[in-house]
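Going by the numbering used here, the sequence shown opens with residue 76, and the numbers climb by one from there. Note that beta-carbon positions come from the ideal geometry of N, C-alpha and C, so glycine has one too. A quick note: this is a predicted structure, and the numbers were derived from the prediction, not measured. Single-structure report; data block below.
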Amino acid sequence: MERRTFLGTCLAAGFVQPLAVLAESDEQFEIIDCHTHFYDPARPEGVPWPPRQSPLYRTVLPRHLRELKMYRPVTGTVVVEASPWIEDNQWLLDLAQKDPFIVGIVGNLLPTDAEFPRNLLRFAASPLYRGIRISAGVLQELLAKEDWGRLKFLAEKNLTLDVNGGPETPAVLARLAEKLPDLKIVLNHIGNVAITAAPPPGTWVEGIQAAAKHKNVSTKISALVEGASRDGRPAPADLEFYRPYLDVVWHAFGDQRVIYGSNWPVSDRGADYYTVQKLALDYAGEYGKQALKRFCSENARQVYGWVERPGRGD
């Protein structure tokens, strides 16, 4: 029986609970958005990203996320630093100290910089600093040089490496994961594949499957609407449009290595937050209560290792 037919039969028979029932039946149901960006162009020094001409150029802080219309209430966030300015890592840490809604920070430091070890030690002195993000291009440069030392340093400090890049990125992560099996690695945005009505590209599928073979690799199911709204196309709100791509990722990684993230406010380019969240949570909810809870918070807690903060949820 095809999966869609099977799920439809199960839902009709009551074997799979609707997402609303799952969420309302669990008072401690955590939803941690593990990919947001905060910044403030009103600072005296301004911001290097986003550019002034971008519609994203506005003050974006945790309170603005909490004010959004949501499908289900988000209870915390892991922030990803997009600014290349070193001191903006500290700016995020200072912001997080004031707001327990932020459970972790993925910083922006280049392993190729001479000052990388010193800067990493400085910021990682805070338990809120949970890792760094680099581009697939930087990672390929390190792989070409077989320069593992600084990434090993991340693993030794129990920090996580996020990697962002195009559809070739999953295959690159597979190579890294084989070299550094103790390093926790997170693929961002399922590799930024263009999501269309056509079947998923074969090379991307092979890359996802290769990366997923390594137990130290997880993926954020994020930036779906951005992938579906290339070239000015509107992003569909119908889950069936995304299902072939989500099936590839979920079937490869399983329900213990998939992580919820929105990529807000960048996701506003494709759809509002309610739609972004509904697509991801409705899909995960089809696999049952435990899978949904893992997707919404438990998997990310294992990967990023944050600790509960006093005052969150008050």
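N- and C-terminal bounds of the alpha helix (DSSP H) containing residue i
i	result
His-326	314-328
Thr-294	Premise fails: Thr-294 lies in the beta strand (DSSP E), 292-296, not in any alpha helix (DSSP H).
His-139	137-141
Val-20	With the chain covering only 76 through 389, there is no way to say anything about residue 20.
Thr-350	348-360
Asp-169	162-173
Ala-300	For the record, residue 300 in the displayed sequence is Val; it is not Ala. Run containing Val-300: 299-303, per the alpha helix (DSSP H) assignment.
Val-378	374-379
Phe-191	191-199
Gln-128	Note, Gln-128: premise wrong, no alpha helix (DSSP H); not H, not E.
8 Å Cβ cutoff met for residue i and residue j
i	j	result
Leu-255	Leu-234	no
Arg-250	Thr-294	no
Gly-380	Arg-205	yes
Asn-338	Glu-383	no
Pro-137	Phe-104	no
Supposed contact pair residue j and residue i - C-beta distance, whole angstroms, cut 8 Å
i	j	result
Asn-239	Ser-210	6 Å
Arg-305	Ala-269	5 Å
Ala-171	Ile-180	6 Å
Pro-242	Gly-282	7 Å
Ser-297	His-110	5 Å
Val-178	Val-155	Val-178 to Val-155, Cβ: 13 Å. No contact.
Asn-183	Pro-159	6 Å
Environment of residue i [buried if 16+ CB atoms lie within 10 Å]
i	result
Thr-278	exposed
Ile-260	buried
Arg-376	buried
Ser-372	buried
Ser-129	exposed
Arg-133	exposed
Phe-370	buried
Val-378	buried
Ala-200	exposed
Arg-127	exposed
Boundaries of the beta strand (DSSP E) in which residue i is found, first to last residue
i	result
Tyr-335	333-335
Val-178	177-182
Asp-108	107-111
Thr-152	151-155
### Query
What residue ranges within the segment 207-268 form continuous beta strand (DSSP E) runs of no fewer than 3 residues, ordered along the chain?
235-239 and 259-262
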